[in-house]
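> Residue numbers (my numbering), protein chains in the order written: chain X, 235 to 579; chain F, 60 to 354; chain U, 1118 to 1545.
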Amino acid sequence: MATELGPTPVKEPASGGAPIHHKPKGVGEDNAIASQGKWAAWLLAPTIFALAIVIVYPIISAIVMSFQKDAGLDPATGLFTEGGPAGFSNYTNWIFQQCAAPDGGTVACPPGTLGAQFWSATGTTFYFTIITVTLETILGFWMAIIMARTFRGRSLVRAAVLVPWAIPTAVTAQLWLFIFAFEGIGNKLFNTTILWTGSEIPARWAVIIADTWKTTPFMALLILAGLQMIPAEVYEAAKVDGASAWQRFRMITLPLVKPALMVAILFRTLDALRMFDLPYILTEGSNNTTTLSILVVNQIRQGFNSAAALSTITFIIIFIVAFIFVRFLGANVVEQQTGAGKGKK
Amino acid sequence: MTAATELRARQDRGRKVAQNREKWASVRTYVSAAVILFWCLAPAYWMVVTAFRDVGYTYDTSLLPTHVTLDNFKTAFDTSFGNRFGQALLNSLFIGVTVTVISLVVGVFAAYALARLNFRFKYLVLGFILGASMFPGVALITPLFQLFTNIGWIGTYQALIIPNISFVLPLTVYTMTSFFREMPWELEEAARVDGCTQGQAFRRVIMPLAAPAIFTTAILAFISSWNEFLIASQLSNDATQPVTVAIANFAGAQPQQIPYTAIMAAGTIVTIPLVILVLVFQRKIVAGLTAGAVK
Amino acid sequence: MKTPKFLLPVAAAGALALTLSACGGGGGGATATGGGDAANGLDARGPITYVQGKDNSNVVRPLIEKWNAAHPNEKVTFKEQTDQADQQHDDLVQNYQAKNPNYDVASVDVVWTAEFAAKGWLQPLKDKMAVDTAGMLKPTVEAGSYKGTLYAAPVSSDGGILYYRSDLVPTAPKTWDEMMGMCSIAKENGIGCFAGQYAKYEGLTVNASEAINSAGGSVLNADGKPNLNTPEAKEGLQNLATAYADGNIPKEGITFQEEQGRQAFQDGKLLFHRNWPYVYNLAVTEGSSKVKDVLGMTALPGKDGPGASTLGGHSAAVSVYSKNKATALDFVKFLVNEENQKFFATQGSLAPVIEALYEDKELVAKLPYLPVLKTSIENAVPRPVTPFYPAVTKAIQENAYSAIKGEKTVDAALSDMQKSIESASAGQ
């Protein structure tokens, strides 16, 4: 795998001129692995434990519930009664957009039900994810490069960049709603009369602009940290060798920043695929801005078990995206190294 | 024209070109910095302007401050109507610091193991950690609420701290692992040859080098905990509520009125400590940078 | 590394969940066994908690202090929720689901009553637990009832008011057609004619049901079944769609929630504006208001006379999980007594539910909109009373929004609305 991911010509200086894995192989290696394994278990235990309680338990209990029917109304008493086991029907209902029919069967979900929105919400979620993550990566990279330079007022820029991210989302969303109002400062400033939350394209771009504004600092900061791990001498050497700015960016900066960059993109993608607050407050999901998470929240209000199924579907979708990232785009924090170690058997 | 003068002229030209290029580079840097400042601060500026505006003129669109008043800040901190904004600020600070410290310590352990040690099931562990940030957070609340009800944790600080730790841990572990992998670990071994224990070598040699990564991660963890709203809105009570929940509790004087000006004032108040925090951490990040350069 | 070992554990968790589900675990879903919990603690007294959304104008705290002074052994603690209705709803659901005994008395929005009652979370207010509702406005009592039983005692009410520019409109319009006829005045003055709340959110359900009810239609029939394929419903929704297409409702109307509409009206950009009573106080006091001295108020326009407002407001409900229901009941009665109703109205601008108070001279002097509001509430129709309200309101919003914007014909929108509501209530 290491070779597939392509170590670059300037890779070596970063890791100090020697491959990281230079443990002698052969006799005694198994013992070493065993003792390292014990260490690793101790070091990892707190993380695993924290995640197990607060994330894994709720996930599993949600998955369990997703195989139960939601409560139905008993017409005689007017009270809800437990739905009973559902098999995969909660899942198939979402995927094939089937809704309950008055006669007891299923019909294609009519517009106005949540079920009718599954595929469009999936599409919207990807639309937001692809555009916001791309914009945030480009802008974040650019901001990081500027912030890494030495100039007067650099700390001002660094502090300013964090301002959007430091404002709690609840406030950010209200702020943008305020800005994007018809009589708001946005239209006033640019002398436009756009109904920002009134039709599909402006509404989607309102969400994208607000999200990009808010989360670019996250990208910028992670990339900046990556940039700062690159020793200055590497650049100087490249300059002496007459490399152009673009060559230096492509041959030095990009490969050396890649691990940090991939982690940042991976986590931004996972977050963007679960985007909720901003579109919810800005548009309440109108005009095709309903994301999967908004659909989950709306469904929770109508029945948790079906919402749990939708959450699990979302989970699987995100899982597939993460898989692609890790498998094909090299967003794996240890793969190169240990892959190389193992590959040389 | 002799060869010597020609050479001198060429050198002069070369120097001039270099100087020009440098000048241009610095101009470009400043222009870029100005654009970044505008993009990041313009909406925030509108927040601040609104925060200082009289509530009766909430929707005024004059660019410069008009009808300036401190009332909104007073409203934010006014406790007579049951607002606990001041208390909530302290709660957020306490929760944020605890989450940051614990998740960093725990995350550094895990990242060290993942980056440095060879053991079986590494991919399982990595997948497990990443999998934790794949489930829609909104759907975790119901089971979590029931779990915490059963063990009597609703309204306690741990009910807010532990979920937040879990939310930031995947990012913390991944970031640190990716940075640790790039560390010049032979320095650690060199230190051990010089008589340090493994722990000392890690603390004295590796940690300073990893400072930019660690402080960056700290800021990310702190802000993400500082921003958390969904879990806190359902698991906190009046005494433990963080500032995000307190802001959602702001209400206008009239039933359907949205108190924009007070919300913006609260946003302004909440942002300031973070900016200060970042300015303080700045120096650590830069210190880490120079430490790296010394090597 | 050919196989994606990396992500194996996730698959493992899935497999584990499948096994667990086979054992039939899984709580969380609503179970309405009613019986047991509703019979417990009816005579018990002791400290209780009152849960309500943000106490905007500081009326609840003084009342609780007064109560606590008089009942030292049955003190009430105030648990304040956020100011946002959705979050109040979700918070109540979480706590009822967890059978939290500390949510003794809760303030319930009129549209949640049926849902919570059908889930078996609310104590029926009958027999020993009965609350006297004589003298209360009828629509408010209906909104607190489910299947003929009172589950939540009305505490505050709310209804729509038509605000207009008294300097431009000679006589207040009584019908929709009259109002549309006056739109030429708006054009002459270069302002918008009429707007309510047409952004896609709960307010659109309010406005769309008002339009349908005012034209003589109804969203649900008496049995709780959707009833939208009627000429009346069509006329109602068509009124909004036509007004939007004609520009009588300005194009920005589809982005309006309460506050954006109020802003436009206060800035003098609208001739008529449908909103809640709260606008009155702000429109006459806010410095930026341009309609201070020219603010007219009247009942919403209907087909031949006053229209049917959608009812808002809150009721107080006792949780079946409460341990001290006798105290809880007394506290509910305390909240709705005439003296405290008057206090809510004067201090908090909350519309009272007791009919007689609308004639109270002192109150009317303070809140001049009360007579108009009384007409509005008397003619009001509760929003569809159904335990499937969250699904019903989505169905209305989604389709009414498309119809107003002209993306769908009114017929198609109503037919889709009908089918969506049928499907939602076909739940089982």
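Ideal placement from N, C-alpha and C gives every residue a C-beta, glycine not left out.
The alpha helix (DSSP H) spanning serine 545 of chain X covers which residue range?
It spans 538-562 - the alpha helix (DSSP H) in which serine 545 of chain X sits, taken as one unbroken run.
> What residues in the segment 68-102 of chain F have a beta carbon less than 9 angstroms from any beta carbon of chain C?
Any reference to chain C falls outside this structure, whose protein chains are X, F and U.
> Taking the Cβ atom as the reference point for each residue, do leucine 278 of chain X and alanine 169 of chain F lie within a distance shorter than 8 angstroms?
Result yes, Cβ atoms of leucine 278 of chain X and alanine 169 of chain F sit closer than 8 angstroms.
> Against chain U, with Cβ distances strictly below 8 angstroms, would arginine 484 of chain X count as a contact?
No, arginine 484 of chain X does not count as interfacial toward chain U.
> For alanine 1289 of chain U, does the three-state DSSP call read helix, strand or coil?
Coil, per DSSP.
> Between F:Val165, F:Leu294, F:Ser295, which lies nearest to valine 227 of chain F when the distance is taken from Cα to Cα?
Of the listed residues, the one whose Cα sits closest to valine 227 of chain F is F:Val165.
> Report the partner residues of alanine 1434 of chain U according to the DSSP bridge assignment.
Partner(s): U:Ala1223.
> In chain order, what residues of the same chain have a beta carbon less than 8 angstroms from the beta carbon of isoleucine 335 of chain F, not counting five sequence neighbours either side?
Nothing listed; no residue qualifies.
> Could you compute how far the alpha carbon of isoleucine 1494 of chain U sits from the alpha carbon of glycine 1276 of chain U?
Rounded to whole angstroms, isoleucine 1494 of chain U to glycine 1276 of chain U spans 6 angstroms at the Cα level.
> How big is the Cα-Cα spacing for serine 1278 of chain U and phenylalanine 187 of chain F?
The sequence given here places isoleucine at residue 1278 of chain U; serine does not occur at that position. Looking at the two C-alpha atoms, the distance is approximately 56 angstroms.
> What is the rounded straight-line gap between the Cα of tryptophan 212 of chain F and the Cα of alanine 305 of chain F?
If you take the alpha carbons of tryptophan 212 of chain F and alanine 305 of chain F, they lie about 20 angstroms apart.
> Can you tell me whether asparagine 1338 of chain U is helix, strand or coil according to DSSP?
Three-state result, asparagine 1338 of chain U: coil.
> Nearest to threonine 208 of chain F by CA position, among U:Leu1267, U:Tyr1213, U:Gly1153, is which residue?
Closest option to threonine 208 of chain F, Cα to Cα, is U:Tyr1213.
> For the beta strand (DSSP E) holding tyrosine 1167 of chain U, just list the boundary residues, first then last.
Per DSSP, tyrosine 1167 of chain U belongs to the beta strand (DSSP E) from 1165-1169.
> Sort U:Lys1522, U:Ala1497, U:Leu1180 by Cα distance to asparagine 1457 of chain U and report the nearest one.
Of U:Lys1522, U:Ala1497, U:Leu1180, the residue nearest in Cα terms is U:Leu1180.
> If you drop the 5 nearest sequence neighbours on each side, which residues of the same chain put their C-beta closer than 8 angstroms to that of lysine 1407 of chain U?
Cβ neighbours of lysine 1407 of chain U beyond the five flanking positions: Gln1383, Asp1384, Gly1385.
> Are the CB atoms of tyrosine 319 of chain F and serine 1405 of chain U nearer to each other than 8 angstroms?
Not closer than 8 angstroms, so no.
> Which term fits alanine 1445 of chain U, buried or exposed, when burial requires 16 or more other beta carbons within 10 angstroms of its beta carbon?
Result: buried.
> Using DSSP with H/G/I as helix, E/B as strand and the rest coil, what is asparagine 1392 of chain U?
Three-state result, asparagine 1392 of chain U: strand.
> Residues in the same chain with beta-carbon distance under 6 angstroms from valine 156 of chain F, minus the five sequence neighbours each way, listed in chain order, please.
Taken in chain order, the list of residues that qualify is empty.
> If you draw a straight line from the alpha carbon of valine 1210 of chain U to that of alanine 541 of chain X, how long is it in whole angstroms?
When rounded, the distance between both Cα atoms is 15 angstroms.
> Tell me the rounded alpha-carbon separation between glycine 1313 of chain U and asparagine 1398 of chain U.
Answer to the nearest angstrom: the Cα atoms are 18 angstroms apart.
> Would you call the segment 218-227 of chain F and the segment 492-500 of chain X touching, i.e. three or more CB-CB distances under 8 angstroms?
No, because fewer than three Cβ pairs between the segment 218-227 of chain F and the segment 492-500 of chain X fall closer than 8 angstroms, the two stretches do not touch.
> Hey, does glutamine 1458 of chain U have any beta-carbon neighbour from chain F nearer than 8 angstroms?
Chain F contact via Cβ: absent.
> Would you check if the distance between the CB atom of alanine 269 of chain F and the CB atom of phenylalanine 238 of chain F is smaller than 8 angstroms?
Yes, they are a contact pair.
> Would you mind telling me which residues of chain F sit closer than 8 angstroms to methionine 463 of chain X, beta carbon to beta carbon, in chain order?
Under the 8 angstroms cutoff, chain F gives Phe238, Glu241, Pro271, Ala272, Gly351.
> Under the DSSP definition of a beta bridge, which residues are partnered with phenylalanine 261 of chain F?
Phenylalanine 261 of chain F pairs with nothing; no bridge assigned.
> For phenylalanine 501 of chain X and cysteine 343 of chain X, what's the separation of their Cα atoms in angstroms?
Roughly 34 angstroms separates the two Cα atoms.
> If we require 3 or more residues per run, which beta strand (DSSP E) segments fall completely within the segment 260-320 of chain X?
Counting only runs of 3 or more, we get 306-308, 313-315.
> Is it right to say phenylalanine 352 of chain X is buried, meaning 16 or more other beta carbons lie within 10 angstroms of its own, or is it exposed?
Classification of phenylalanine 352 of chain X: buried, given that the 10 Å Cβ count is 16 or more.
> Between X:Ile297, X:Pro319, X:Ile547, X:Ala296, which has its C-alpha nearest glycine 306 of chain X's C-alpha?
Checked all of X:Ile297, X:Pro319, X:Ile547, X:Ala296; the closest Cα to glycine 306 of chain X is X:Pro319.
> Have a look at glutamate 1327 of chain U and glycine 317 of chain X and give me their C-alpha separation to the nearest angstrom.
If you take the alpha carbons of glutamate 1327 of chain U and glycine 317 of chain X, they lie about 34 angstroms apart.
> When you compare the CB of leucine 348 of chain X with every CB in chain U, is at least one pair closer than 8 angstroms?
Yes, leucine 348 of chain X counts as interfacial toward chain U.
> Rounded to the nearest angstrom, what separates aspartate 1533 of chain U and asparagine 1516 of chain U at their Cα positions?
Approximately 7 angstroms, taken between the alpha carbons.
> With a threshold of 16 other CB atoms inside 10 Å of the CB of arginine 1391 of chain U, please say whether the residue is buried or exposed.
Label assigned to arginine 1391 of chain U: buried.
> What residue range is occupied by the uninterrupted beta strand (DSSP E) comprising aspartate 1275 of chain U?
Looking at the DSSP string, the run of the beta strand (DSSP E) that includes aspartate 1275 of chain U is 1270-1275.
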